[in-house]
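Enquirer: Residue numbers (the working numbering), protein chains in the order written: chain A, 1 to 436; chain X, 1001 to 1436.
Number of protein chains: 2
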Amino acid sequence: MSDITITRLDASSTDFFRQLHDLLAFDKTDNLEIHQRVLAIIADVRSNGDKAVIDYTNRFDHRSVTQISELELSPEILKSAWNGLPTEQAQALQTAADRIRAYAEHQKIESWQYTEADGTVLGQKITPLDRVGLYVPGGKAAYPSSVLMNAIPAKVAGVGELIMVVPAPHGETNQLVLAAASLVGVDRVFTMGGAQAVAALAYGTETLRPVAKIVGPGNIYVATAKKLVFGQVGIDMIAGPSEILIICDGKTNPDWIAMDMFSQAEHDENAQAILISTDASYLDAVEQSINKLLPTMERAEIIRASLTTRGAFIKVNHLEIAAVVANIIAPEHLELSVEDPEALCEEIHHAGAIFMGRYTAEALGDYCAGPNHVLPTSSTARFSSPLGVYDFQKRSSLINCSQAGADTLGKTASILARGESLTAHARSAEYRIKTD
Amino acid sequence: MSDITITRLDASSTDFFRQLHDLLAFDKTDNLEIHQRVLAIIADVRSNGDKAVIDYTNRFDHRSVTQISELELSPEILKSAWNGLPTEQAQALQTAADRIRAYAEHQKIESWQYTEADGTVLGQKITPLDRVGLYVPGGKAAYPSSVLMNAIPAKVAGVGELIMVVPAPHGETNQLVLAAASLVGVDRVFTMGGAQAVAALAYGTETLRPVAKIVGPGNIYVATAKKLVFGQVGIDMIAGPSEILIICDGKTNPDWIAMDMFSQAEHDENAQAILISTDASYLDAVEQSINKLLPTMERAEIIRASLTTRGAFIKVNHLEIAAVVANIIAPEHLELSVEDPEALCEEIHHAGAIFMGRYTAEALGDYCAGPNHVLPTSSTARFSSPLGVYDFQKRSSLINCSQAGADTLGKTASILARGESLTAHARSAEYRIKTD
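#1: Can you tell me whether DSSP reads Q1196 (chain X) as helix, strand or coil?
#2: Can you pull the DSSP bridge partners for K1394 (chain X)?
#3: Could I get the ranges of all uninterrupted beta strand (DSSP E) runs contained in the segment 1250 to 1299 of chain X, with 3 residues as the minimum, in chain order?
#4: Per DSSP, what are the beta-bridge partners of H1333 (chain X) in this structure?
#5: Just checking: is the beta-carbon of I1248 (chain X) within a distance shorter than 9 angstroms of some beta-carbon in chain A?
#6: Assign Q89 (chain A) to one of three DSSP states: helix, strand, or coil.
#7: For Y1367 (chain X), would you say it is in contact with chain A, using Cβ-to-Cβ distances shorter than 9 angstroms as the test?
#8: DSSP puts Q113 (chain A) in a beta bridge; with which residues?
#9: Take L9 (chain A) and list the residues in its own chain whose beta-carbon comes closer than 8 angstroms to its own, dropping the five residues that flank it on each side.
#10: Are there three or more Cβ pairs, one per stretch, closer than 8 angstroms when the segment 422 to 436 of chain A is compared with the segment 1414 to 1421 of chain X?
#11: Between which two residues does the beta strand (DSSP E) containing A417 (chain A) stretch?
#12: For L122 (chain A), would you say it is in contact with chain X, using Cβ-to-Cβ distances shorter than 9 angstroms as the test?
#13: Just checking my contact of A265 (chain A) with G234 (chain A) at CB under 8 angstroms: how many whole Å lie between their CB atoms?
#14: Does DSSP put N1219 (chain X) in a helix, in a strand, or in coil?
#15: Taking Cβ positions only, does Q196 (chain A) come closer than 9 angstroms to chain X?
#16: How would you list, in chain order, the residues of chain X whose beta-carbon sits under 8 angstroms from the beta-carbon of W112 (chain A)?
#17: Can you find a C-beta in chain A that's less than 9 angstroms from the C-beta of E1243 (chain X)?
#18: Would you mind sorting Q67 (chain A) into buried or exposed? The rule is 16 or more other CB atoms within 10 Å of its CB.
#19: On a CA-only basis, which of X:V1177, X:W1112, X:S1069 and X:L1093 is nearest K1125 (chain X)? Give me that one, please.
#20: Using 9 angstroms as the limit for Cβ to Cβ distance, is D1003 (chain X) near chain A?
#21: Check the C-beta distance from S1145 (chain X) over to I1257 (chain X) and give it rounded, since I have them as a contact under 8 angstroms.
#22: I'd like the ranges of any alpha helix (DSSP H) spanning at least 4 consecutive residues and lying wholly in the segment 42 to 102 of chain A.
#23: Go ahead and pull the three-state DSSP assignment for E161 (chain A).
#24: Is there a Cβ from chain X that is less than 9 angstroms from the Cβ of A363 (chain A)?
#25: Could you tell me whether any Cβ in chain A is nearer than 9 angstroms to the Cβ of S1396 (chain X)?
#26: Residues in its own chain within less than 6 angstroms of D1044 (chain X) by CB, not counting five upstream and five downstream?
#27: On the criterion of 16 or more Cβ atoms from any shown chain inside 10 Å, does D27 (chain A) qualify as buried, or is it exposed?
#28: Tell me which same chain residues have a C-beta within less than 6 angstroms of the C-beta of Y367 (chain A), skipping the five on either side of it?
#29: Following the continuous alpha helix (DSSP H) through V184 (chain A), name the residue where it begins and the one where it ends.
#30: Rounded to whole angstroms, what's the CA-CA distance from S1002 (chain X) to L1307 (chain X)? Just pull it up for me.
#31: Give the C-beta separation of L1148 (chain X) and I1100 (chain X) to the nearest angstrom, bearing in mind that I take them to be a contact with Cβ-Cβ under 8 angstroms.
#32: What separation, rounded to the nearest whole angstrom, lies between the Cα atoms of I77 (chain A) and S182 (chain A)?
#33: Within the 9 angstroms Cβ cut-off, does E1033 (chain X) reach chain A?
#34: Going by DSSP in three states, A312 (chain A) sits in which element: helix, strand or coil?
#35: At least one CB of chain A closer than 9 angstroms to the CB of A1322 (chain X): is that the case?
#36: How big is the Cα-Cα spacing for L1245 (chain X) and P1295 (chain X)?
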């Protein structure tokens, strides 16, 4: 296995920002053929309901069911998956679930209101979503941690019914995933997947009631279906390739940093791991660690492909410059592997999750630290947030005018409405002005 | 002018829920030709920057500028629009802005963190968006209230730079809109509009720096452009036709309720106004008021078209049933014109804004009560919220593990990562487990 060389940039070079732009570029063009196929599946499910879902499931997942009820897994099946787990795994899942729940509890938003001097009440009422769909990928890549991260915030928000869908190719299910569903109290589980499952959740069928929101990761068909049903239902973000940016002052064991980069790169060949350091010789040391450790990795080929095509080392002259670069990248995961991470964190404005200090490996956050691992990718941390309880709650404005309040507000509204030539608005307000 | 008859439904009829479904149905199909034209404009602006923006602006808005700087309005121009307002309008705008700001201040989300027994710190850091674009329609329909409602929450959130775009056909601008921009402290204003303005805001040009989010209403080209740049930037909701649902116990002056329905219907022919009452004779009385008042309205033809094609009266036997129907509709605006609106409000789970009591005309909320008038339409209140300060803030998760915390968490993460066959994750966590 030949050594790999990581792309190097220097933030003090005149061409740096263009190079950085090129490094981050990733083609997100929609595949029109997939788009058309998914549109057809959605239309079919809307027209033919259960029958369409059954047909696609039998065809794509090599099943032979005749009704939706055969796709549902009973609570007993989930419970027995949980009971069958090795103790060590059960305890680890339980610990992770407890910590994710404890953190999520801090995110709940609460209703509020205030009363003005004239008795008018203004406020905001918080309600949970009625019903939520959770997509979980099936087949080889089975991620029980994803069940925890998506389901627990919904449950903490008070979502009435949480419906999980997971494809079961040839009828095969993953016990860890079912155990996780049992642990977090998913209300119903159906072994279906693909665009047909997304369409069934969004529009409902004879058997399935439509949900208000669909969350969870999936392949390109699932992601495309989620985009296309958005508006009918809410969706979480459409995730791009996973990314990590590590800022290191050169004093963390280079093996640790190499492995942190691997932990991102092993996800897939398009994943991106970038290390920024003030110390050029440290970048050399991490490269040596990479080449030393790479042959020992199970997913060496994926890691190699990711690091050689999308990985990078960036040399900066000061940590302040590292923060500037981090804010441009707006990374999904940001490790601050430095002596004083609090100080550096003050300079960070855009990141999905910030892992502070040499001991805070990103992998701890992926599983059990508490914060969610569903994070904004592809620089969308400039305007969006980790998945959280707030994604399963919504707000309604409350206005309750006293007679005196309506009198005062009516006069102002009347002037403004007439300025916009909306005279029905004006007259509606004027009716509430006192006439005596 | 002939009398109009409002469609009547009875919630106790066996076919009611299908009828309600048909009443609410609205074709939201994308227009593919517009989609293609907008895609081409966006591609052109991305490739040719300022030049493309100038070309489209000259062509579509009948301008003759040679550089972007000619499209910018100086703070002095905005200030002079404000100074030129009649006192009554200036005071009304000031009152509205003050109330919108006071309400918005309650919406700010704050950073938090907590420390666990072993010294590990978990938290959530809140930051404002760096730069936001505010689209304001130009031409005849000039809505200064829209400038207030979109700009003030952004300012309260602490957005660094707020850039407003407003088309100026033939170079003409609306003084009320410019005055509102001055009042709320918009940072820069450019007289440009359409898909080209949205593209310039999203991707930037030689002159314009890209924004993180674009908000504000626009025509079908603007709405399509916003959909297409979503992901590159955040956007607010794509609004459907405006709607009001009124629940009345039959004891509010029927003229008031008729005018409240008009205030929705005058927006456009697709706007939807629905009245639910427990009292069939009250529905007759409101219909009489409608026919009495309609000939006196400036926008009578629009109101007539809206009420005859999309308006409805729904008779229910109990207010509890009215709440059930309201939760199915999930209306943008909900008036509870009843004796005890607080009790009825308890039953409401899905609505953009709730106007409680006979004095709370929806028009008061449109202009100056305080809550935002940008609200979820087309039943999206099932999963989304009014525009608010929180739409201009975002969250970053914080994790700072102590050495002891990393030791404990590392063991759990290792087990879970190995369960998912992600061994680089596992080894990254294991490095942080104490070895002594």
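Cβ coordinates follow ideal geometry from the N, Cα and C atoms, glycine included.
Expert: Short version:
#1: In this structure, Q1196 (chain X) counts as helix in the three-state DSSP scheme.
#2: DSSP lists X:T1127 as the bridge partner or partners of K1394 (chain X).
#3: DSSP runs (the beta strand (DSSP E)) wholly in the segment 1250 to 1299 of chain X: 1272 to 1277.
#4: Paired residues: X:I1244 and X:A1353.
#5: Per the sequence shown, residue 1248 (chain X) should be read as Cys rather than Ile. For C1248 (chain X), the answer is no, since every Cβ of chain A falls outside 9 angstroms of its Cβ.
#6: DSSP places Q89 (chain A) in the helix class (H, G or I) of the three-state scheme.
#7: Output row for Y1367 (chain X): interface = yes.
#8: Paired residues: A:G123.
#9: Correct list, in chain order: F16, Q19, L20, L23, A312, F313, I314 and K315.
#10: In this structure the segment 422 to 436 of chain A does not touch the segment 1414 to 1421 of chain X; the number of beta carbon pairs closer than 8 angstroms is below three.
#11: In the DSSP annotation of this structure, A417 (chain A) is not part of any beta strand (DSSP E); the continuous alpha helix (DSSP H) holding it starts and ends at Q403 to G419.
#12: For L122 (chain A), the answer is yes, since a Cβ of chain X falls inside 9 angstroms of its Cβ.
#13: G234 (chain A) and A265 (chain A) do not touch by the CB rule: their CB atoms are close to 32 angstroms apart, not below 8 angstroms.
#14: Coil at N1219 (chain X), not helix or strand.
#15: No, its Cβ sits nowhere closer than 9 angstroms to a Cβ of chain X.
#16: Chain X residues near W112 (chain A): H1106.
#17: When Cβ-Cβ separations below 9 angstroms define contact, E1243 (chain X) makes no contact with chain A.
#18: Residue environment: Q67 (chain A) is assigned as exposed (fewer than 16 neighbouring CB atoms within 10 Å of its CB, all protein chains considered).
#19: Closest in alpha carbon position to K1125 (chain X), among X:V1177, X:W1112, X:S1069 and X:L1093, is X:W1112.
#20: D1003 (chain X) does not count as touching chain A.
#21: Going by Cβ atoms, the distance from S1145 (chain X) to I1257 (chain X) rounds to 23 angstroms, so no, they are not a contact pair.
#22: For the segment 42 to 102 of chain A, whole alpha helix (DSSP H) runs of length 4 or above, ordered along the chain, are 75 to 83.
#23: DSSP places E161 (chain A) in the strand class (E or B) of the three-state scheme.
#24: Output row for A363 (chain A): interface = yes.
#25: At least one beta carbon of chain A lies nearer than 9 angstroms to the beta carbon of S1396 (chain X).
#26: Cβ within range, chain order: A1052.
#27: Around the C-beta of D27 (chain A), fewer than 16 other C-beta atoms lie within 10 Å, and the residue is accordingly described as exposed.
#28: Closer than 6 angstroms at Cβ, skipping near neighbours: A96 and S145.
#29: V184 (chain A) -> alpha helix (DSSP H) spans Q175 to V184.
#30: The alpha-carbon atoms of S1002 (chain X) and L1307 (chain X) are separated by roughly 14 angstroms.
#31: Between I1100 (chain X) and L1148 (chain X) the Cβ distance is about 6 angstroms, and since that is below 8 angstroms, they are a contact.
#32: If I take the Cα positions, the gap works out to 9 angstroms.
#33: Output row for E1033 (chain X): interface = no.
#34: Strand at A312 (chain A).
#35: Chain A, which has no Cβ nearer than 9 angstroms to the Cβ of A1322 (chain X), makes this no.
#36: Rounded to the nearest angstrom, the two C-alpha atoms are 23 angstroms apart.
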